[in-house]
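K.L.:
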Amino acid sequence: EPEVTQTPSHQVTQMGQEVILRCVPISNHLYFYWYRQILGQKVEFLVSFYNNEISEKSEIFDDQFSVERPDGSNFTLKIRSTKLEDSAMYFCASTLFPPGQGGYAEAFFGQGTRLTVV
Amino acid sequence: AQKVTQAQTEISVVEKEDVTLDCVYETRDTTYYLFWYKQPPSGELVFLIRRNSFDEQNEISGRYSWNFQKSTSSFNFTITASQVVDSAVYFCALIDNAGNMLTFGGGTRLMVKP
């Protein structure tokens with residue numbers, strides 16, 4: 031069964047450092063997403079990405095965040111200068127079709143990267 | 043704007059009891075999709091079911107069943123004969139036809155005691 035792969039599974043970083051979270055979406059999928067879950071809280075949308083550009087982003091996704099699809103297989107989330115409040119589980123997801131065409135019905139989530147900022 | 047409410051933050055049952063997790067949603071769209079995900083202690087999100095707004099048939103899958111009622115904007119999830127392995131946080135989520143993101147409810151932590 032195809033799956034979305036995220037690396038690393040756990041990352042510890044010092045406040046102010048840059049981190050890059052990596053995701054390998056399912057190979058023929060075209061739409062990519064990052065979500066965040068602060069410990070004990072609900073899962074929140076960060077950003078969606080299609081055709082090498084951001085489709086939509088939430089208020090959480092400020093200038094400290096960026097996404098990239100550098101090589102046609104990886105999809106990365108960069109946090110430029112981490113803050114304590116960035117500590118969370120970050121989930122990557124991908125779909126083949128756009129959500130408006132029911133594509134999100136087939137969204138696959140990765141297993142998550144737990145980011146701890148100290 | 044869309045919203046998902048899971049009023050039960052935590053439920054504790056004894057093994058073999060039936061349990062229902064409530065989900066109420068809000069959306070202005072007539073076309074939308076509803077989901078349930080399970081998040082075990084290991085942290086990943088496990089897809090359980092999706093339902094589109096035009097399909098109000100209830101669904102049963104083993105010990106799991108879902109009751110979708112558009113009239114009350116609810117999509118409740120019942121586990122029959124609960125087991126310890128069912129202990130997890132369960133999230134209800136919604137995406138509408140115009141949206142580009144899943145909106146999750148706050149989750150319900152289910153604890154099944156032996």
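Heads up: the protein sequence lines correspond to chains A and B, in order. Heads up: the first sequence runs through residues 31 to 148, numbered per my numbering. Heads up: the second sequence runs through residues 43 to 156, numbered per my numbering. Even glycine gets a Cβ: it sits at the ideal position worked out from N, Cα and C. From a predicted model like this one, the values you see are computed outputs, not experimental measurements.
(1) List the residues that DSSP assigns as beta-bridge partners of T153(B).
(2) Kindly give me the distance between the Cβ atoms of G166(B) and V131(B), rounded to whole angstroms, as I take these residues to be in contact under 8 Å.
(3) Between the Cα of F62(A) and the Cα atoms of S124(A), L145(A), V49(A) and H40(A), which residue gives the shortest distance?
(4) Between which two residues does the beta strand (DSSP E) holding H40(A) run?
(5) Taking the beta strand (DSSP E) that K72(A) belongs to, which residues open and close that run?
(6) Compare the Cα-Cα distances from L51(A) to each of G102(A), F95(A) and V148(A) and report the closest residue.
(7) Run down chain B in chain order and give the residues with a C-beta less than 7 Å from the C-beta of Q141(A).
(8) Using a Cβ-Cβ cutoff of less than 8 Å, which residues in the same chain neighbour H59(A) once the five nearest sequence positions on both sides are dropped?
(9) Distance check for E59(B) and A20(B), CA to CA, integer angstroms please.
(10) Could you check the C-alpha separation between E74(A) and Q44(B) for me, to the nearest Å?
(11) Could you tell me the distance, in whole angstroms, from the CA atom of V42(A) to the CA atom of Y80(A)?
(12) Report the residue ranges of all beta strand (DSSP E) runs contained in full by the region 77 to 116 of chain B; include only those spanning at least 3 residues, in chain order.
(13) Considering only DSSP beta bridges, list what I84(A) is partnered with.
(14) Please state the DSSP three-state secondary structure of L60(A).
(15) What are the boundary residues of the beta strand (DSSP E) that includes M119(A)?
(16) What does L144(B) reach in chain A if we use C-beta pairs closer than 9 Å?
(17) Taking the beta strand (DSSP E) that A49(B) falls in, what are its first and last residues?
(18) What would DSSP say about V66(B), mapped onto helix, strand or coil?
(19) L114(A): buried (16+ other C-beta within 10 angstroms of its C-beta) or exposed?
(20) Suppose you measure from the CA of S117(A) to the CA of R144(A); what does that come to, to the nearest Å?
(21) Please confirm whether any heavy atom of the ligand MG lies closer than 6 Å to the CB of A130(B).
P.N.:
Based on what the coordinates show:
(1) If you number the second sequence from 1, residue 153(B) lands on position 111. The displayed chain sequence assigns Met, not Thr, to residue 153(B). DSSP, once it has assigned bridges, lists S54(B) as partnering M153(B).
(2) Here chain B has residues from 43 to 156 only, and residue 166(B) is not among them.
(3) In the first sequence, the residue the question calls residue 62(A) occupies position 32. With distances taken between CA atoms, F62(A) lies nearest to S124(A) out of S124(A), L145(A), V49(A) and H40(A).
(4) Position 10 of the first sequence, counted from the first residue, corresponds to residue 40(A). It spans H40 to T43 - the beta strand (DSSP E) in which H40(A) sits, taken as one unbroken run.
(5) Here residue 72(A) refers to the residue found at position 42 of the first sequence. It is not in any beta strand (DSSP E) - K72(A) carries neither H nor E in the DSSP assignment.
(6) By one-based count along the first sequence, residue 51(A) stands at place 21. Taking each of G102(A), F95(A) and V148(A) in turn and checking the Cα distance to L51(A), the smallest one comes out for F95(A).
(7) Against the first sequence, residue 141(A) aligns to sequence position 111. Neighbours of Q141(A) on chain B, chain order: E86.
(8) As a working note, residue 59(A) is residue 29 in the first sequence. Correct list, in chain order: S124, T125, L126 and F138.
(9) With chain B covering 43 to 156 only, the question about residue 20(B) has no answer from this structure.
(10) Against the first sequence, residue 74(A) aligns to sequence position 44. Against the second sequence, residue 44(B) aligns to sequence position 2. Distance between the alpha carbons of E74(A) and Q44(B): 13 Å.
(11) The residue you call residue 42(A) lines up with position 12 of the first sequence. The residue you call residue 80(A) lines up with position 50 of the first sequence. Put simply, the backbone Cα of V42(A) is about 29 Å away from that of Y80(A).
(12) Taking only runs of at least 3 residues, the beta strand (DSSP E) segments lying wholly in the region 77 to 116 of chain B are 88 to 94, 101 to 103 and 106 to 111.
(13) Residue numbering aside, residue 84(A) sits at position 54 when the first sequence is read from its first letter. The secondary-structure analysis by DSSP pairs I84(A) across a beta bridge with F79(A).
(14) Your numbering for residue 60(A) matches position 30 in the first sequence. The answer is coil: DSSP assigns L60(A) none of H, G, I, E or B.
(15) As a position in the first sequence, residue 119(A) is number 89, starting the count at 1. Its beta strand (DSSP E) spans residues A118 to T125.
(16) For the purposes of this step, residue 144(B) is taken as the residue at position 102 of the second sequence. The contacting residues are Y63, Y65, V73, F75, A123, P129, Y134 and A137.
(17) Start at 1 with the first residue of the second sequence, and residue 49(B) comes out as number 7. Unbroken run through A49(B): none, as it is neither H nor E.
(18) Here residue 66(B) corresponds to residue number 24 of the second sequence, with the count starting at 1. In this structure, V66(B) counts as strand in the three-state DSSP scheme.
(19) Working through the first sequence from its first residue, we reach residue 114(A) at position 84. By the 10 Å Cβ count, L114(A) comes out exposed.
(20) For the purposes of this step, residue 117(A) is taken as residue 87 along the first sequence, with counting starting at 1. For the purposes of this step, residue 144(A) is taken as residue 114 along the first sequence, with counting starting at 1. Counting only the Cα atoms, R144(A) lies some 8 Å from S117(A).
(21) Of ligands this structure carries none, so the ligand MG is not represented either.
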